[in-house]
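**Q**
Numbering (my numbering), first residue to last: -17 to 94.
1) Is DSSP giving residue -12 helix, strand or coil here?
2) Grab me the residues of residue 39's own chain with a C-beta within less than 8 Å of its C-beta, minus the 5 sequence neighbours each way, in chain order.
3) To the nearest angstrom, how far is it from the Cα of residue 84 to the Cα of residue 65?
4) Which same chain residues end up closer than 7 Å to residue 19 when comparing Cβ atoms and leaving out the 5 residues on each side of it in sequence?
5) Rounded to whole angstroms, what's the CA-CA distance from residue 21 to residue 88? Just pull it up for me.
6) Among 67, -1, 43 and 11, which has the Cα closest to the Cα of residue 31?
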């Protein structure tokens, strides 16, 4: 898994930039699944508007410590604010979209 970065040609003026970091623990099946799921979400919902950096906590433990990463895989949404963290294989697309503010949280209907 290499660092993935959007190119300047893909950037659209006036659109929000998304800065995402995916912390993984080696190239385990769980890490690969998290990356694949996240890449699919980004390409479907943020195409041309995101930077995704993949950081292996075994190779760069200082970065993980600085972000207070306690489990892997962990996704950190740095920009746009607010900062958010997601732990797991990123398979719950609905949860990720709501957490990234790409989809509104559905209100629970109250019973009368």
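For each residue, glycine too, the CB sits at the ideal point set by N, CA and C.
None of these values were measured; they are calculated from a predicted model.
**A** The structure says:
1) Residue numbering aside, residue -12 sits at position 6 when the chain shown is read from its first letter. The predicted position of residue -12 is uncertain, since its pLDDT is 40 and thus under 50; no value can be drawn from it.
2) Mapped onto the chain shown, residue 39 falls at position 57. Excluding sequence neighbours, residue 39 sits near 5, 6, 7, 45, 46, 51 and 54.
3) Within the chain shown, residue 84 is the residue found at index 102, counting from 1. Within the chain shown, residue 65 is the residue found at index 83, counting from 1. Each residue's alpha carbon lies about 14 Å from the other.
4) Within the chain shown, residue 19 is the residue found at index 37, counting from 1. The residues are 71, 72 and 73.
5) Residue mapping note: residue 21 aligns to position 39 of the chain shown, counting from 1. Residue mapping note: residue 88 aligns to position 106 of the chain shown, counting from 1. The straight-line gap from Cα to Cα measures roughly 24 Å.
6) Taking the first residue of the chain shown as position 1, residue 31 is located at position 49. When only C-alpha atoms are compared, the closest one is -1.
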